[in-house]
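Count along the sequence shown from 1, then add 49; that gives the number in the numbering used here.
Each remark here refers to the structure printed beneath this line.
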Amino acid sequence: RQRRGGRPDRELTNGPARLCQALAIDGSLNGADLCDGRRLFVEAAPPVPNAQVARGPRVGVRGDRRALTVPWRFWVRNNPYVSRGAGNAAELTAPGRRRADQPKKGA
Numbered sequence: 050r051q052r053r054g055g056r057p058d059r060e061l062t063n064g065p066a067r068l069c070q071a072l073a074i075d076g077s078l079n080g081a082d083l084c085d086g087r088r089l090f091v092e093a094a095p096p097v098p099n100a101q102v103a104r105g106p107r108v109g110v111r112g113d114r115r116a117l118t119v120p121w122r123f124w125v126r127n128n129p130y131v132s133r134g135a136g137n138a139a140e141l142t143a144p145g146r147r148r149a150d151q152p153k154k155g156a
């Protein structure tokens, strides 16, 4: 909160940059092993039911077209601490499911 200058709680961590700022994660941790816990410890959270998990393409990332379309962005639906993304990026599905308006593969 001290680093965020009085912003509402829901704005402290909504988005990768704000999350890193809130946790004092900077470029010195690029490439750090997140499994050994020496430089950064990531605690496992309680499980989230699959129906509450949404996924979609990453936003604000530059690179080849595949990197921009692969659904590597995951979040808990309706969580106020998650940034909305760009365009219709939030209009996505839980892992392993498809939206009703998406055709089945091979159809």
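Think of the CB as a built atom: it goes at the ideal place given N, C-alpha and C, for glycine as much as any other residue.
Treat the numbers as computed from the prediction; the structure is a model and nothing was measured.
Residue closest to residue i, alpha-carbon to alpha-carbon, out of the options
| i | options | result |
| --- | --- | --- |
| Arg126 | Gly109, Arg104 and Val110 | Arg104 |
| Phe90 | Asp82, Pro96 and Val97 | Asp82 |
| Pro65 | Ala116, Glu92 and Gly109 | Gly109 |
| Ala100 | Gly80, Phe123, Pro129 and Ser132 | Phe123 |
C-beta atoms of residue i and residue j nearer than 8 Å
| i | j | result |
| --- | --- | --- |
| Leu61 | Ala71 | yes |
| Pro106 | Pro120 | yes |
| Leu78 | Arg88 | yes |
The alpha helix (DSSP H) enclosing residue i, as first and last residue numbers
| i | result |
| --- | --- |
| Arg104 | Arg104 -> not in any alpha helix (DSSP H); beta strand (DSSP E) instead, spanning Val102 to Gly105. |
| Arg114 | Arg114 to Thr118 |
| Leu83 | From DSSP, Leu83 is part of no alpha helix (DSSP H); its letter is neither H nor E. |
| Pro65 | Pro65 to Ala71 |
Start-to-end residues for the beta strand (DSSP E) that takes in residue i
| i | result |
| --- | --- |
| Arg122 | Arg122 to Val125 |
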